[in-house]
Amino acid sequence: MHFPYLTIGKKDDPKGRTFTVHYVASIQATGLCPPAGNGTVRPVLLAYAGSSSAVRAFTANLRAGLAAATTDRRFELLRSLGYKHQLTSPATGQALAIAYLPDFFHLQPGVQEHDALRFISAPPRWWLDRQEELLAPEFGSLARDHALAMAFVARLDARTPLPIANDPEFHHRLFGMALEEPWSETGENRQAFTFDGIEALGLAAPVLCDVPKRVFADFLASATAKLLPRHLAPALRPPIPSFASQLAFNFLTA
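Going by this note's numbering, the sequence shown opens with residue 5, and the numbers climb by one from there.
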């Protein structure tokens, strides 16, 4: 797999203030994090790798607000957006860094100051493999689809006060309906949501959700009435099964 160079500074800088690593992956969602006016990309996730010393130096400059570029793209991480930086060592002397906006990826978001449900569901493939094994006796060849639905609906549930029926089949069908809505994206609309290199991080193909709370309320009411009539009346939902706690997103285990 080819990993292009990602560089901070000018390559011909006589003072040698250039920092270079290998670009691994990125996710851009213009609705969540609009690009700069000069075409500079402000990703919701950026991953890069190199020697431990190179990654440390590169990260320090990236966190200081300096832009980084490949041959065809320029990235900027605004400090005001609150990026989280995860660092792991895939091999001795090597480092993989992932900078991302935690509120869009973690199962439990921080304080939500906007009137919308916003997140990106991209569960680790190891987690999907495990859930597929657990769900296969009940759902057969659809077990992996149910696991993907579980990850997506768990994030919806963590961001809305509305009760979502705790029913795996309902989650599966709700997820399918959500993918047909204009407020979800899988990367087909490359103006709104793009990603590459995700396989190298061990993540499933990401799904973006960006829906106003009132729109989601109408969607959920309609879906519940259509798919699960017995849950029409508001009721306290049973606790989520314990394995859902694994959904807390930790890029170090991806």
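We put the CB at the ideal spot given by N, CA and C, even for glycine. Small disclaimer: the values here were computed from a predicted structure and weren't measured.
- Message: Just verifying my parser: in three-state terms, what is the DSSP assignment at Lys14?
- Response: coil
- Pull up the CB-CB distance for Gly201 and Ser30, whole angstroms please, since I reckon it's below 8 Å. 7 Å
- Assuming Leu111 and Arg159 form a contact by the criterion Cβ under 8 Å, report the distance between their Cβ atoms to the nearest whole angstrom. 6 Å
- Taking 8 Å as the threshold, find out whether the segment 159-173 comes into contact with the segment 120-131 through three or more Cβ pairs. yes
- Task: Measure the alpha-carbon distance for Ile12 versus Arg163 and round it to whole angstroms.
- Result: 36 Å
- Item | C-alpha distance - Thr92 paired with Ser56, whole-angstrom precision | 10 Å
- What is the DSSP secondary structure of Ala237, reduced to helix, strand or coil? Caution applies to Ala237, whose pLDDT of 44 falls short of 50 and renders its modelled position unreliable; the model cannot decide the point.
- Three-state class that DSSP yields for Glu80 in the structure shown: coil
- Secondary structure of Asp107, DSSP reduced to three states: helix
- N- and C-terminal bounds of the alpha helix (DSSP H) containing Ala120: That residue, Ala120, is in no alpha helix (DSSP H); its beta strand (DSSP E) goes Ala120 to Ser125.
- Limits of the unbroken beta strand (DSSP E) element including Phe7: No beta strand (DSSP E) contains Phe7, which DSSP labels as neither H nor E.
- CB contact flag (Ala227, Arg177, <9 Å): yes
- Beta carbon of Ala103, beta carbon of Thr75: below 9 Å? no
- Task: Give the single residue among Asp119, Leu100 and Cys213 whose Cα lies nearest to the Cα of Glu185.
- Result: Cys213
- Task: Put Pro167 into one of helix, strand or coil per three-state DSSP.
- Result: coil
- Query: In three-state terms, what does DSSP make of Phe23?
  - Reply: strand
- Beta-ladder partner(s) of Asp161, from DSSP: Per DSSP, none; premise fails for Asp161.
- Identify the residues that DSSP records as bridge partners of Gly54: which are they? Ala99
- On the three-state DSSP scale, how would you describe Ser226? helix
- Count the other CB atoms within 10 Å of the CB of Leu85; is the residue buried (16 or more) or exposed (fewer)? exposed
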